[in-house]
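**Q**
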Amino acid sequence: MFAPITFAVVGDSAASGVGDSDDQGNYFGWTYHLAKAFQEPLVYINASRPGARSAEVLNVQLPKVLDHSPELAAVIVGGNDLLRSNFSPETFEKNLRQTMVDLVSNGSTIMLLELHDPTVIVPMPYLVGRICRRRVQAINEVTHRLSNEFGAVTLPTRALSGIYEREKWHVDRMHPSKSGHQFIAQQFAVLLRDRGYFIGGVQIDPINNRSRKDSILWMLRNGTPWFLKRSVDLLPGLIWLSGAEIIYILRQKYSELSRDHTGAVLGSNY
329 MFAPITFAVV GDSAASGVGD SDDQGNYFGW TYHLAKAFQE PLVYINASRP GARSAEVLNV
389 QLPKVLDHSP ELAAVIVGGN DLLRSNFSPE TFEKNLRQTM VDLVSNGSTI MLLELHDPTV
449 IVPMPYLVGR ICRRRVQAIN EVTHRLSNEF GAVTLPTRAL SGIYEREKWH VDRMHPSKSG
509 HQFIAQQFAV LLRDRGYFIG GVQIDPINNR SRKDSILWML RNGTPWFLKR SVDLLPGLIW
569 LSGAEIIYIL RQKYSELSRD HTGAVLGSNY
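Numbering-wise, the numbering used here comes out as the position in the sequence shown, counting from 1, plus 328.
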């Protein structure tokens with residue numbers, strides 16, 4: 329009898345299953361659906377928490393799962409880092425790198441998830457959209473760079489066919505729906521089979537679309553409090569960043585008009 333595989337999960341709401349819950353408010357998510365599809369003994373540990381950033385994953389969540397020496401570890405983080413006014417790609421990379429170093433030293437195979445582009449499905453003001461896309465790109469560049477360095481199993485979310493279909497997204501348009509979580513689990517199952525894991529088919533439930541009325545009620549009860557909770561930091565930051573973005577655009581245009589001044593080095597605003 330083979331010893332069970334330990335599959336551990338650390339990260340934020342995308343790892344804890346926001347968008348896929350039962351009537352009692354229990355989250356499931358793609359890691360749960362993937363765990364159910366394993367055809368070999370498995371211990372499933374999920375230490376993730378909605379709202380977590382890379383520092384929490386490294387300093388709080390990771391020690392909890394390292395105690396169990398996981399053979400497989402999903403590290404799903406970055407979405408909350410980029411929402412903060414003090415976002416730093418360098419800090420994010422430092423935290424994610426150390427998390428991966430500790431897991432690889434433990435003998436774990438690491439799973440990473442590329443961030444989707446929320447501007448495709450969430451209406452945003454032009455300047456905010458530019459900032460968001462650039463930050464998503466910065467997070468994903470770090471993710472792919474470290475994935476290549478550590479040999480992680482990484483899902484290229486933005487390249488998946490049908491990923492932006494409405495039914496794959498929760499009413500908040502920031503998290504996968506149950507259908508979306510199951511879709512992600514399906515895609516990871518394919519990648520893990522290529523690594524030698526014995527995984528069957530992921531169960532796909534019928535799509536149950538919310539009515540417009542239910543969607544509006546959900547946003548009033550849940551979406552608005554979520555937004556207000558983050559607005560203390562995020563809104564002042566967005567105002568400042570929008571101003572910085574205007575300066576950034578003007579500097580780019582000025583640079584195009586002054587190509588002979590090749591010695592000028594223009595930095596990027598995150």
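Backbone N, C-alpha and C define an ideal beta-carbon position, used for all residues, glycine too.
Rank 431, 462, 451 by C-alpha distance to the C-alpha of residue 475 and give the top, closest one.
**A** By 1-based counting over the sequence shown, the position of residue 475 is 147. Nearest C-alpha to residue 475: 431.
**Q** Shortest alpha-carbon distance to residue 440 belongs to which of 425, 449, 395, 361?
**A** The residue given as residue 440 occupies position 112 in the sequence shown. Residue 440 has its Cα closest to that of 425, out of 425, 449, 395, 361.
**Q** Could you check how far apart the C-beta atoms of residue 489 and residue 347 are, in whole angstroms? I think they sit under 8 Å.
**A** What you label residue 489 is simply residue 161 of the sequence shown in a count that begins at 1. What you label residue 347 is simply residue 19 of the sequence shown in a count that begins at 1. Not a contact, Cβ separation roughly 20 Å.
**Q** Going by beta-carbon coordinates alone, are residue 438 and residue 383 separated by less than 7 Å?
**A** Position 110 of the sequence shown holds residue 438. Position 55 of the sequence shown holds residue 383. Against a cut-off of 7 Å, the Cβ pair of residue 383 and residue 438 comes out as no contact.
**Q** Does the distance from the CB of residue 405 to the CB of residue 388 come in under 7 Å?
**A** Residue mapping note: residue 405 aligns to position 77 of the sequence shown, counting from 1. Residue mapping note: residue 388 aligns to position 60 of the sequence shown, counting from 1. No.
**Q** Our contact map puts residue 335 next to residue 394 with C-beta atoms below 8 Å; I'd like the distance itself, whole angstroms only.
**A** Taking the sequence shown and counting its residues from 1, one reaches residue 335 at position 7. Taking the sequence shown and counting its residues from 1, one reaches residue 394 at position 66. Contact flag wrong, Cβ pair sits at about 14 Å.
**Q** If I'm right that residue 365 touches residue 529 with Cβ under 8 Å, what's the distance once you round it to whole angstroms?
**A** The residue given as residue 365 occupies position 37 in the sequence shown. The residue given as residue 529 occupies position 201 in the sequence shown. The Cβ separation is near 7 Å, so the contact holds.
**Q** Helix or strand or just coil, what does DSSP make of residue 390?
**A** On the sequence shown, residue 390 is found 62 positions in, with the first residue counted as 1. Three-state DSSP puts residue 390 in a helix.
**Q** Under a three-way DSSP split, which group does residue 439 fall into?
**A** Counted from its first residue, the sequence shown places residue 439 at position 111. Residue state, collapsed to three classes: strand.
**Q** Closest to residue 360 by C-alpha separation, out of 442, 433, 512, would be which residue?
**A** Taking the sequence shown and counting its residues from 1, the one referred to as residue 360 is at position 32. Of the listed residues, the one whose Cα sits closest to residue 360 is 512.
**Q** Is residue 559 buried or exposed, if buried means 16 or more other CB atoms sit within 10 Å of its CB?
**A** Here residue 559 is taken as the residue at index 231 of the sequence shown, counted from 1. Note that residue 559 has pLDDT 44, beneath the 50 cutoff, so the model's placement of it is unreliable and the number below is only indicative. With fewer than 16 Cβ atoms within 10 Å of its Cβ, residue 559 is classed as exposed.
**Q** So what's residue 374 in DSSP terms, helix, strand or just coil?
**A** Counting from 1 along the sequence shown, the entry for residue 374 is found at position 46. Correct three-state label for residue 374: strand.
**Q** Just list the alpha helix (DSSP H) runs in the segment 398-468, keeping only unbroken ones of 4 residues or longer that don't cross its boundaries, in chain order.
**A** Entirely contained in the segment 398-468, the alpha helix (DSSP H) runs reaching 4 residues are, in chain order, 417-433.
**Q** Would you tell me roughly how many angstroms separate the C-alpha atoms of residue 485 and residue 417, rounded to the nearest one?
**A** As a working mapping, residue 485 is identified with position 157 in the sequence shown. As a working mapping, residue 417 is identified with position 89 in the sequence shown. Rounded to whole angstroms, residue 485 to residue 417 spans 19 Å at the Cα level.
**Q** My output table needs one value for residue 499: the three-state DSSP class, helix, strand or coil.
**A** Taking the sequence shown and counting its residues from 1, one reaches residue 499 at position 171. Coil at residue 499, not helix or strand.
**Q** Hey, residue 521 and residue 449 are a contact pair by Cβ (cut 8 Å); roughly how many whole angstroms apart?
**A** One-based indexing of the sequence shown puts residue 521 at position 193. One-based indexing of the sequence shown puts residue 449 at position 121. Not quite, the Cβ-Cβ distance comes to about 29 Å (not below 8 Å), so this is no contact.
**Q** Excluding the 5 residues flanking residue 470 on each side, which residues of the same chain have their C-beta closer than 7 Å to its C-beta?
**A** As a first step, residue 470 is located in the sequence shown; it is residue number 142 there, counting from the start. Contacts found: 417, 420, 421, 424.
**Q** Apart from the five residues just before and just after residue 367, which ones in its own chain have a Cβ nearer than 6 Å to its Cβ?
**A** Counted from its first residue, the sequence shown places residue 367 at position 39. Contacts found: 526, 528.
**Q** For the beta strand (DSSP E) containing residue 508, name the first residue and the last one.
**A** As a first step, residue 508 must be located in the sequence shown, where it is residue number 180. Segment 506-522 is the alpha helix (DSSP H) holding residue 508; no beta strand (DSSP E) there.
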